[in-house]
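Numbering (our numbering), first residue to last: 2 to 261. Idealized CB from N, CA, C, for every residue including glycine. Worksheet: the structure to be examined is printed underneath.
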């Protein structure tokens, strides 16, 4: 039987290198384009516009979630990828810092900010060792990243360290009690790339996620995102009210907002 990723892989020596290699080769968000992308394309033409339109059209809950954050505040994005979300935050007036495990991500997002005369600080870094002092950021944001880390719990402890007292973390983790989990298990299709296993793809129940954020003063978890454009005609034709009802119970995204 074809393998899929373990829902609770344990940390081990060398795992971070495997994760870095996977995401350097499989640049996140570019999967939406359905083809390989050259280095020159990443800084030319409509590359960012096309990716952003696809991302926010498919993830309809994401822009309102970003919009909850206040302009003028400092935000650290963990796992920025090519920088779609942190660019959106900067356009909304936030003071952006972003880290990513891969060189290709940081090179790409730096170039985009420079080309648009926008300010931001970007570093290649591991979220298990965030290179900033305690109580430094108003917000820490990470969408669909921490469940791919070698040690997710250690990352959350680091987030707690660098966010200010009263500050907020907004993160998304994959939901194990979801339609997407069920279908991947039945069809035996890997979660991130059709023909390659991602080194780490942890999935959590709401109770498990809440336990990981127990050191925060408050934690709110909402279930969202039944499925996206990858489901083709079903995504386009399913009535929005039905989509929203099912999303709140068996959606793929645990949208977590926690306050220090």
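Self-check item: Backbone secondary structure at residue 27 - three-state DSSP
Solution: Position 26 of the chain shown, counted from the start, is the residue given in the question as residue 27. Note: residue 27 maps to coil in three-state DSSP.
Exercise. Kindly confirm or deny that the segment 165-176 and the segment 128-143 touch, where touching means at least three C-beta pairs closer than 8 Å.
Key: Yes, since at least three Cβ pairs between the segment 165-176 and the segment 128-143 fall closer than 8 Å, the two stretches touch.
Exercise. Can you check DSSP and say which residues form a bridge with residue 254?
Key: The residue you call residue 254 lines up with position 253 of the chain shown. Answer is 175 and 225, bridged to residue 254.
Quiz item: Are residue 200 and residue 16 touching if we call contact CB-CB under 8 Å?
Solution: Reading the chain shown from its first residue, position 199 is the one you call residue 200. Reading the chain shown from its first residue, position 15 is the one you call residue 16. Residue 16 is positioned such that its CB atom lies closer than 8 Å to that of residue 200.
Quiz item: Candidates 255, 99 and 218: which alpha carbon is nearest residue 60's?
Solution: Position 59 of the chain shown holds residue 60. Nearest of 255, 99 and 218 to residue 60, Cα basis: 255.
Quiz prompt | residue 159 and residue 128 closer than 8 Å at C-beta | solution = Walking along the chain shown from the start, residue 159 turns up at place 158. Walking along the chain shown from the start, residue 128 turns up at place 127. Contact: yes.
Exercise. Assign residue 84 to buried or exposed, taking buried as 16 or more other Cβ atoms, counted over all protein chains shown, within 10 Å of its Cβ.
Key: Against the chain shown, residue 84 aligns to sequence position 83. Buried is the call here.
Quiz item: Can you name the start and end residues of the alpha helix (DSSP H) that residue 237 belongs to?
Solution: Reading the chain shown from its first residue, position 236 is the one you call residue 237. Run containing residue 237: 234-238, per the alpha helix (DSSP H) assignment.
Practice problem: Using 10 angstroms around the beta-carbon of residue 135, count the other beta-carbons present and answer buried if the total reaches 16, otherwise exposed. | Solution: One-based indexing of the chain shown puts residue 135 at position 134. Exposed.
Quiz prompt | Collapsed DSSP secondary structure at residue 166 in the structure displayed | solution = Residue mapping note: residue 166 aligns to position 165 of the chain shown, counting from 1. Assigned with DSSP and collapsed to three states, residue 166 falls in strand.
Quiz item: Going by the beta-carbon positions, is the gap between residue 204 and residue 244 smaller than 8 Å?
Solution: Walking along the chain shown from the start, residue 204 turns up at place 203. Walking along the chain shown from the start, residue 244 turns up at place 243. No, these two residues do not count as a Cβ contact at 8 Å.
Self-check item: Enclosing alpha helix (DSSP H) for residue 114 [first to last residue]
Solution: Walking along the chain shown from the start, residue 114 turns up at place 113. Start and end: 104-116.
Quiz prompt | Cβ-based burial, residue 250 [other Cβ within 10 Å; buried from 16] | solution = Counting from one through the chain shown, the residue named residue 250 turns up at place 249. When all chains shown are included, residue 250 counts as exposed.
Quiz item: Tell me which same chain residues have a C-beta within less than 6 Å of the C-beta of residue 19, skipping the five on either side of it?
Solution: The residue labelled residue 19 in the question sits at position 18 within the chain shown. Around residue 19: 200.
Quiz item: If you draw a straight line from the alpha carbon of residue 260 to that of residue 217, how long is it in whole angstroms?
Solution: Along the chain shown, one-based indexing puts residue 260 at 259. Along the chain shown, one-based indexing puts residue 217 at 216. Computed Cα separation, rounded: 6 Å.
Quiz item: For residue 8, which residues from the same chain have a beta carbon less than 7 Å from its beta carbon, with the 5 sequence-adjacent residues on both sides left out?
Solution: What you label residue 8 is simply residue 7 of the chain shown in a count that begins at 1. Hits under 7 Å: 177, 203 and 204.
Quiz item: Does the beta-carbon of residue 242 have 16 or more other beta-carbons within 10 angstroms, so that it is buried, or is it exposed?
Solution: Sequence index remark: in the chain shown, residue 242 carries index 241 (1-based). By the Cβ-count criterion, residue 242 is exposed, with fewer than 16 other Cβ atoms from all chains shown falling within 10 Å of its own Cβ.
Quiz item: Nearest-angstrom Cα distance between residue 122 and residue 69?
Solution: Taking the chain shown and counting its residues from 1, the one referred to as residue 122 is at position 121. Taking the chain shown and counting its residues from 1, the one referred to as residue 69 is at position 68. Distance between the alpha carbons of residue 122 and residue 69 is about 22 Å.
Quiz item: residue 143 lies in the alpha helix (DSSP H); which residues open and close that run?
Solution: Within the chain shown, residue 143 is the residue found at index 142, counting from 1. Note, residue 143: premise wrong, no alpha helix (DSSP H); beta strand (DSSP E) at 138-144.
Quiz item: Going by the beta-carbon positions, is the gap between residue 71 and residue 91 smaller than 8 Å?
Solution: Locating residue 71 in the chain shown gives position 70, where the first residue counts as 1. Locating residue 91 in the chain shown gives position 90, where the first residue counts as 1. In this structure, residue 91 does not lie closer than 8 Å to residue 71 by Cβ.
Exercise. Spatial neighbours of residue 78 within its chain, please: CB distance less than 6 Å, with the 5 preceding and 5 following residues excluded, ordered by chain position.
Key: Looking up residue 78 in the chain shown gives position 77. These residues qualify, in order along the chain: 87, 99 and 142.
Self-check item: Beta-carbon spacing of residue 76, residue 97 below 8 Å
Solution: In the chain shown, residue 76 corresponds to position 75, counting from 1. In the chain shown, residue 97 corresponds to position 96, counting from 1. Yes.
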